[in-house]
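Working notes, beginning with the structure itself.
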Amino acid sequence: MSTTQLANEAGGAMPPATVRVWDPFVRTFHWTTAGLFVLAYATGDRVEWLHLLAGYSIAALVALRTVWGLVGPRHARFSDFVRHPRTVRAYLSDMMRLHARRHLGHNPAGGAMTVALLAMLASIAVTGHLMTTDAFWDSEWMEELHAFLAHAVLGLIALHLLGVAFASLAHRENLVRAMITGCKRSEPGA
């Protein structure tokens, strides 16, 4: 359907232009990692082989995402969204006053959350792997650290979901749909 046909169906209003922001790897990484985390968390000590499979899969995905953060397309690169903590604090302050600028890629808070989640998932994977080694087999403190990190990720996920909901409402765009389709509306200065 042409743009003109879409405009006619929309009562004469032109639909907003969109631009591809999230590449297929970033989108697949995001949803697959989320699903695998739920699986790993749910299986815990109950289905050890499945828990290990999910954990090692997450570790592999985090490693791939880290490489993609260095060599991937613009909005996948860490250089596009990793900001100084001062910039993140200023963005959060603006967000609380409902004056936060819209970003086409990750906003400063979203970039900080991405880094935090990657670091935490990597830490969970490392502690999980260490528990399978002779040095840390049956190590109670390592098990407690592993569990603490997994619970901390739940907190980060809750903050992430709140941030996505808040930004979606503030900027009148569906960020969940953008992470499915890869597209966001294009606006000057975004």
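Take 5 as the starting number for the sequence shown in my numbering and just add one per residue.
The beta carbon of each residue, even a glycine, is placed where N, CA and C say it ideally should be.
Predicted model only: the values in this text are computed from it and were never measured.
M183 versus L56 - alpha carbon distance: 27 Å
Can you find the residues in the same chain that come closer than 7 Å, C-beta to C-beta, to G109, ignoring five residues on each side of it along the sequence? V25, H79, D84, F85
On the three-state DSSP scale, how would you describe R78? helix
Distance, Cα to Cα, L40 vs R105? 33 Å
Based on Cα-Cα distance, which residue from T70, L74, A113, H107 lies nearest to T91? A113
Within the chosen definition, does the stretch 119-130 reach the stretch 150-163 through at least 3 CB pairs nearer than 8 Å? yes
Alpha-carbon to alpha-carbon, P28 and V75: 14 Å
Let me know the alpha helix (DSSP H) ranges lying completely inside the stretch 59-135, each 4 residues or longer, listed in chain order. 82-85, 89-100, 112-134
Cβ pair count under 8 Å reaching 3, the stretch 30-39 against the stretch 60-68: yes
I'd like to confirm the pairing. Which residues does DSSP put opposite W22 in its beta bridges? It should be noted that the sequence gives Thr, not Trp, for residue 22. R189.
Straight-line Cα distance separating A21 from T7: Low confidence applies here, because T7 scores a pLDDT of 46, under 50, leaving its location unreliable; read the following figure in that light. Taking the straight line from one Cα to the other gives about 10 Å.
Determine whether the beta carbon atoms of A129 and G73 lie at a separation below 7 Å. no
Compute the beta-carbon to beta-carbon distance between R87 and G115, rounded to the nearest angstrom, for a pair I have assumed lies under 8 Å. 6 Å
Here's a check: name, in chain order, each residue in its chain whose Cβ is nearer than 7 Å to the Cβ of T131, leaving out the five neighbours to either side. M146, L149, H150, L153
By a C-beta neighbour count over all protein chains shown, 10 Å radius and 16 as the cutoff for buried, is H107 buried or exposed? buried
Just the Cα atoms here: how many angstroms apart are W53 and E144? 20 Å
For H101, which option in A171, R189, V30 has the closest C-alpha, if you only look at C-alpha atoms? The question names His, but residue 101 in the sequence shown is Arg. Of A171, R189, V30, the residue nearest in Cα terms is A171.
Where does V51 fall in DSSP's three states? coil
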